[in-house]
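Step one of this worksheet: look at the structure below.
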């Protein structure tokens, strides 16, 4: 039964993405079910000019689309350049990974336009308690791996991905929603005075 459900989910996913893959095939003659921007996004995070923040002005500077290259070729070009940077600069790559991780977990916004004390306080007042209560919730369910994998897992998964690409609070937001479930457990336990929930 589990195998059947898994197969149905995978088939549904493929059918949902099929129109996009067909569009990519028409444009590039390659069946790409996801995105042709992985290469530029990867180079955004792994290049001599990378800072951990997103700055894709190199797309305007390089003007590869004007040179006659297809979307597919541009994607592969930037993928190759990004991995070449990693091979040639392992120390800087590790440093960038740390910078991106800090940007991802920062309790307040990184972007300059949001460096207002009011914004920073509001965001921090939400995120810091969220994490603290989630840690308590994790402790309650520490022996129930499936529970904390479904709730805390996504935010750590997103963190790992954005150690490669670019790090920002906005990339953390989707993963905060399942984390809220674990945080709710922590709040419930704290308010009830019990050591577990049922």
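In this note's numbering, the protein residues as written are 1332 to 1529.
Backbone N, C-alpha and C fix where the C-beta goes; we use that ideal spot for every residue, glycine too.
{"Asked": "Given residue 1476 as reference, the closest of 1513, 1387, 1440 and 1496 once Cα atoms are compared", "Found": "1513"}
{"Asked": "Contact belief for residue 1465 with residue 1517 at Cβ below 8 Å, rounded distance in angstroms", "Found": "6 Å"}
{"Asked": "Bounding residues of the alpha helix (DSSP H) (the contiguous stretch that carries residue 1434)", "Found": "1421 to 1436"}
{"Asked": "Contact the region 1362 to 1372 vs the region 1401 to 1412: 3+ CB pairs below 8 Å", "Found": "yes"}
{"Asked": "Short Cβ contact (8 Å threshold) for residue 1438 with residue 1469", "Found": "no"}
{"Asked": "Rounded straight-line distance, which links the Cα of residue 1417 to that of residue 1357", "Found": "32 Å"}
{"Asked": "Local Cβ density within 10 Å of residue 1448, reported as buried at 16 or more and exposed below that", "Found": "exposed"}
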